Structure formats: C-alpha cells, structure tokens
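> Residue numbers (the numbering used here): 363 to 489. From the three backbone atoms N, C-alpha and C, an ideal C-beta is built for every residue, glycine too. Computed from a predicted model, the values in this text were never measured in an experiment.
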C-alpha cells in the first residue's frame, strides 16, 4: 500500500526534521512537502495525499485553518498539527478539527503514536 505524507511547514529545516522522523518510523512511505498552506492545497490538487503533518504557525494562514480545509475535502485523512505553541486553546482547536497535536521539535518518538494510528486507519479504509 503506497502512502504519501504531506509535510507542511514554512521552515525547510523543520520539513527535513519531520521527514527524517517519518523515514525512521515508516521508511516505505513517500513524502511530499509544502512551504505554505497555499502550496499544500496545490500539492493536494496535483497528487494523492494520505496523511498530513501541518505546522501551526505559518505566514498566510495557520495550520488549523489549513486542517479545516483538508478535513472538508477529506473527512478520513489523518492530520497532525505540529507546533511548539503548546497552549490549551491550540490543542482544543486541533481536536475540534479531528487533528492530533504533536509538539515540536518533531522526533520519531513524538510522531510514533500518530503514525501508528494513521497506518491503522489507512489499512481499514483502503482494505
């Protein structure tokens, strides 16, 4: 089963770090990258995306706004909001959108639970 993860972060370094953590946990999964919410929507229109890792703080609109847009398009997509902005309001908003909260800096340990759950969901949906 080919799985593609979209990593959205305005920091190239943060995308690299998230990609390395992803490669440790799910080496057979592919990754796509976007540096903004607008770029993420372009990538989503151009290719099949199964999972999204989205930074909260971005210049054009925040990651939760992007997560809401993705959720409207893909109700079952596993989405994680990744941020160092650990506030109850941000965590509550992520849950309200059906997204998982993952604290920065991103590590394999930090992503493990989310990616394990995402793999289970994808297997159930894709059969």
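1) For the beta strand (DSSP E) containing residue 392, name the first residue and the last one.
2) Under the DSSP definition of a beta bridge, which residues are partnered with residue 369?
3) Can you check DSSP and say which residues form a bridge with residue 444?
4) Flag this pair as yes or no: are the beta carbons of residue 394 and residue 411 separated by less than 8 angstroms?
5) Considering just the uninterrupted stretch of the alpha helix (DSSP H) at residue 459, what are its terminal residues?
6) Are the beta-carbon atoms of residue 365 and residue 402 separated by less than 8 angstroms?
Here's the rundown:
1) Element bounds for residue 392: 392-396.
2) According to the DSSP secondary-structure assignment, residue 369 is paired through a beta bridge with 395 and 415.
3) 417 and 464, per the DSSP bridge assignment.
4) Taking 8 angstroms as the Cβ cut-off, residue 394 and residue 411 qualify as a contacting pair.
5) That residue, residue 459, is in no alpha helix (DSSP H); it is neither H nor E in DSSP.
6) Taking 8 angstroms as the Cβ cut-off, residue 365 and residue 402 do not qualify as a contacting pair.
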